[in-house]
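Structure first, then comments.
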Amino acid sequence: MRTRLVVSLLGLVLFAGGAPASAEPLHAPPGTARGVPGDQPLPGYTINNPPLPPQVVDGQPTRVLQGVHRHSAYIVEVPAKWNGRLAMWAHGYRGTGTVLTVDPPGYGLRARMLGQGYAWAASSYYANGYDVRAGVLATHDLAKHFGTLVARPKQVLIAGVSMGGHVIGRSLEQFPGFYDGALPMCGVLGDHELFDFFLDYQATAQALAGIRAYPVPADYLTAVVPRIQRELGLSTLVPGGPDTVTDRGAQFRATVVERSGGPRPGDAPAFAFWKDFLFGLATPPDEDAPLARDPGRLATNLGTRYRPDSPVDLDREVQRVAPRDWRSRLSPALTEVPRIAGKPRVPVLSLHGLGDLFVPFSMEQDYRADVARNGQSRWLVQRAIRTVDHCEFSPAEAGAAWSDLVTWAGGGAKPAGDVVGDRGAVAAPALGCRFTDRAAYDGPGTRKLFSPCP
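In structure tokens form, the structure reads like this:
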């Protein structure tokens, strides 16, 4: 939690001038790319949008439309017996490459949506990188363009994954009243807190290992991380294997668990699963890069209180880091990495893996707290799934959530969910059992890292 003192200090920097604003994005948003036709990608990008074969629904093929709108590639699919409703799909992080691609809805949702009579539409966004602004604007533009391509829908729902959850959370607030319901899965609903978590991972590991290396040097992964792992007993730690951590390594694991959502089922094997990957997310700062390619410049731990505090008092020993981009951190504007206020105003049903440490379970807790603070808890249902990998959902889990959202957004009863904001409820051995697909335990994946449900 950020203290009021820290927020006040950041506010003084914001309004008194402080650090300069972040660099402009590599590619400007639609409307500012002068001389580039809207049916072409922005300079530096190419599009890969191969023909999507239609599906057959109730014996009739769907209608598939593909093209480029406002510099973003898109796919639209409409069943023969369209119910007049539209589902938008918001994809996750694409990396920093220069090829724009489009995904159909995953987890069997494409077939489910079409079978229920919904049309769906998905955008590539007009830029890659961690550019939520591109996702928010391109998805909204495509939803409006659908009215020209097909007809104006009488309802618009939005679903998506990972960074697409950040897109969804901000879209509901950027265009209030436009969307009628949302299904974010494994979503970055805690906005900037994600990058604070990545910073915490490096800072606490370094403090406990007695190695200060922040900002990280160019040889961090090859020269520094191996030393940290040896000091903490992480080098040979694997999920389900012997517990090789030292006393300080155990404190590091407990700190990561606390910062990612608190003690909960599967937290130890999840830490072992993700430990190497999370070190790999640290990169040297690049002041010339746009915010979408260096979102870590927003991260801070100035107000973080670390637990546990033994054998090392982390609150005293950890290196404190201020945001390198103060203005973007506090700006209410639609930046590449914008804030989510927690004002959905429409039904939101979210799914999140308990052991996901790439986009940790704490994202759900952050969003729940924001929504509650704004008096809008009636619009939020959250479900925990007993998985460790990122966005590891079965078609049954995603499909049940989608169908429940459809009913709720159509005027039906609010569906059931899990309690994610209570420490005792989160630590309960049965958390996640209610909405986890029992049949999926027989397949590949990380579900076997959890104890059997009681």
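Throughout the sequence shown, residue numbering follows mature numbering (1 follows the signal peptide of the UniProt record, and there is no 0), covering -23 to -1, 1 to 431 in sequence. C-beta: ideal position from N, C-alpha, C; glycine also. This one's a predicted model, so the numbers in the text were calculated from it and none came from an experiment.
Below 8 Å CB to CB, which residues in the same chain sit around residue 435 once its five sequence neighbours on both sides are set aside? Outside the modelled stretch of the chain, which goes from -23 to 431, sits residue 435, for which no answer is possible.
Boundaries of the alpha helix (DSSP H) in which ARG110 is found, first to last residue: Residue mapping note: residue 110 aligns to position 133 of the sequence shown, counting from 1. Where ARG110 is concerned, the enclosing alpha helix (DSSP H) stretches over 109 to 126.
Candidates ILE24, ASP347, ARG40, THR125, of which the one nearest VAL76 by Cα: Numbered from 1 along the sequence shown, position 99 holds the residue referred to as residue 76. Among ILE24, ASP347, ARG40, THR125, the Cα nearest to that of VAL76 is on ILE24.
Give a yes or no on whether the C-beta atoms belonging to VAL298 and ALA276 are separated by under 8 Å. Here residue 298 refers to the residue found at position 321 of the sequence shown. Here residue 276 refers to the residue found at position 299 of the sequence shown. Yes, the Cβ-Cβ distance between VAL298 and ALA276 is below 8 Å.
Three-state secondary structure (DSSP) at GLN179? For the purposes of this step, residue 179 is taken as the residue at position 202 of the sequence shown. Here GLN179 sits in helix by DSSP.
Name the one or two DSSP bridge partners that HIS329 has. Your numbering for residue 329 matches position 352 in the sequence shown. ALA361, per the DSSP bridge assignment.
Rounded to a whole number of angstroms, what is the C-alpha to C-alpha distance between ASP35 and ARG89? Position 58 of the sequence shown, counted from the start, is the residue given in the question as residue 35. Position 112 of the sequence shown, counted from the start, is the residue given in the question as residue 89. Each residue's Cα considered, the two are about 12 Å apart.
For LEU311, tell me which candidate among PRO261, ARG147, ALA402, ARG350 has the shortest Cα-Cα distance. As a working mapping, residue 311 is identified with position 334 in the sequence shown. Nearest of PRO261, ARG147, ALA402, ARG350 to LEU311, Cα basis: ARG147.
Just to confirm before moving on: does the CB-CB distance between ARG322 and GLN353 stay below 8 Å? To locate residue 322, count along the sequence shown from 1; it is residue 345. To locate residue 353, count along the sequence shown from 1; it is residue 376. The answer is yes: Cβ separation under 8 Å.
Out of PRO219, ALA180, VAL215, ASP220, point me to the one whose CA is closest to ILE205's CA. On the sequence shown, position 228 is the one that residue 205 refers to. Cα-wise, what sits closest to ILE205 is ALA180.
Delimiting residues of the beta strand (DSSP E) encompassing SER100: Locating residue 100 in the sequence shown gives position 123, counting from the first residue. 96 to 100 is the extent of the beta strand (DSSP E) around SER100.
Measure the beta-carbon distance from ARG411 to ASP395 and round it to whole angstroms, keeping in mind my assumption that it falls under 8 Å. Walking along the sequence shown from the start, residue 411 turns up at place 434. Walking along the sequence shown from the start, residue 395 turns up at place 418. At roughly 7 Å, the Cβ-Cβ gap stays under 8 Å, so ARG411 and ASP395 are in contact.
For PRO262, which residues of its own chain have a beta-carbon under 6 Å away from its beta-carbon, when the five flanking residues on both sides are left out? Along the sequence shown, read from residue 1 onward, the residue named residue 262 stands at position 285. Around PRO262: PRO192.
Contact test: SER354 Cβ vs the ligand GDP heavy atom, cutoff 7 Å: Looking for the ligand GDP in the displayed structure turns up nothing, as the structure carries no ligands at all.
Can a CB atom of chain D be found closer than 8 Å to the CB of PRO337? As a matter of chain content, chain D is missing from the structure shown, which is built from one protein chain.
Residues that ALA158 bridges to, as DSSP identifies them: The residue labelled residue 158 in the question sits at position 181 within the sequence shown. Ala is not the amino acid found at residue 158; the sequence shown has Gly there. Here GLY158 is bridged, per DSSP, to LEU134.
In three-state DSSP terms, what is GLN43? As a working mapping, residue 43 is identified with position 66 in the sequence shown. Reduced to three states, the DSSP call for GLN43 is strand.
Quick test of your reading: THR423 and GLU369, contact by CB under 8 Å. State the CB separation rounded to the nearest angstrom. As a first step, residue 423 is located in the sequence shown; it is residue number 446 there, counting from the start. As a first step, residue 369 is located in the sequence shown; it is residue number 392 there, counting from the start. Cβ-Cβ separation between THR423 and GLU369: approximately 6 Å, consistent with a contact (criterion under 8 Å).
Considering only their Cβ atoms, is the gap separating LEU331 from LEU408 smaller than 8 Å? Here the question's residue 408 lines up with position 431 in the sequence shown. Here the question's residue 331 lines up with position 354 in the sequence shown. Yes, these two residues count as a Cβ contact at 8 Å.
Name the DSSP beta bridge partners of TYR84, please? For this step, residue 84 is matched to residue 107 along the sequence shown. Answer is none; TYR84 lacks a bridge partner.
Run through the DSSP bridge pairs and tell me what GLN37 is partnered with. Reading the sequence shown from its first residue, position 60 is the one you call residue 37. Partner(s): VAL34.
To the nearest angstrom, how far is it from the Cα of ARG(-20) to the Cα of HIS329? Residue numbering aside, residue -20 sits at position 4 when the sequence shown is read from its first letter. Residue numbering aside, residue 329 sits at position 352 when the sequence shown is read from its first letter. Per-residue confidence for ARG(-20) stands at a pLDDT of 37, beneath the threshold of 50, marking its modelled position as unreliable; the derived number appears in the next sentence. Roughly 29 Å separates the two Cα atoms.
Of all the options GLN43, GLY61, GLU54, which has the alpha carbon lying nearest to the alpha carbon of THR78? Within the sequence shown, the letter at position 101 stands for residue 78. THR78 has its Cα closest to that of GLN43, out of GLN43, GLY61, GLU54.
Please identify the residue among ASP271, ALA416, PRO242 whose C-alpha is closest to the C-alpha of PRO406. Looking up residue 406 in the sequence shown gives position 429. Out of ASP271, ALA416, PRO242, PRO242 has the C-alpha closest to the C-alpha of PRO406.
Locate the beta strand (DSSP E) running through GLU54, then write down its first and last residues. Walking along the sequence shown from the start, residue 54 turns up at place 77. First-last of the beta strand (DSSP E) with GLU54: 49 to 55.
Span of the alpha helix (DSSP H) around residue 461: Only positions -23 to 431 of the chain appear in the structure, and residue 461 is not among them; the question remains open.
If you follow the alpha helix (DSSP H) that TRP379 is in, where does it begin and where does it stop? As a working mapping, residue 379 is identified with position 402 in the sequence shown. Unbroken alpha helix (DSSP H) run through TRP379: 372 to 386.
Using the Cβ count rule (16 or more neighbours within 10 Å means buried), how would you classify ASN60? The count along the sequence shown starts at 1 and reaches residue 60 at position 83. Under this definition ASN60 is an exposed residue.
If I measure Cβ to Cβ from SER(-2) and keep anything under 6 Å in the same chain, skipping five residues before and after, which residues do I get? Counting from one through the sequence shown, the residue named residue -2 turns up at place 22. Caution applies to SER(-2), whose pLDDT of 33 falls short of 50 and renders its modelled position unreliable; the model cannot decide the point.
Of the residues VAL365, ASP220, THR384, which one's Cα is nearest the Cα of ALA247? Counting from 1 along the sequence shown, the entry for residue 247 is found at position 270. The shortest C-alpha separation from ALA247 is found at VAL365.
So, is ARG363 buried or exposed, given that buried needs 16 or more other C-beta atoms within 10 angstroms? Taking the first residue of the sequence shown as position 1, residue 363 is located at position 386. With 16 or more other Cβ atoms within 10 Å, it is buried.
Note down the Cα distance separating ARG(-22) from LEU91, rounded to an integer number of angstroms. Here residue -22 is taken as the residue at index 2 of the sequence shown, counted from 1. Here residue 91 is taken as the residue at index 114 of the sequence shown, counted from 1. In this prediction, ARG(-22) scores a pLDDT of 43, lower than 50, which makes its location untrustworthy; the coordinate-derived value is nonetheless stated afterwards. Those two C-alpha atoms are separated by around 44 Å.
Coil, strand or helix - ILE145 by DSSP: Working through the sequence shown from its first residue, we reach residue 145 at position 168. Correct three-state label for ILE145: helix.
Can you tell me where the beta strand (DSSP E) with VAL76 in it begins and where it stops? Position 99 of the sequence shown, counted from the first residue, corresponds to residue 76. Where VAL76 is concerned, the enclosing beta strand (DSSP E) stretches over 76 to 78.
Confirm, please, whether the CB-CB distance from ARG110 to GLU313 is below 8 Å. Numbered from its first residue, the sequence shown carries residue 313 at position 336. Numbered from its first residue, the sequence shown carries residue 110 at position 133. Yes, these two residues count as a Cβ contact at 8 Å.
Going by DSSP in three states, ILE24 sits in which element: helix, strand or coil? As a working mapping, residue 24 is identified with position 47 in the sequence shown. In this structure, ILE24 counts as strand in the three-state DSSP scheme.
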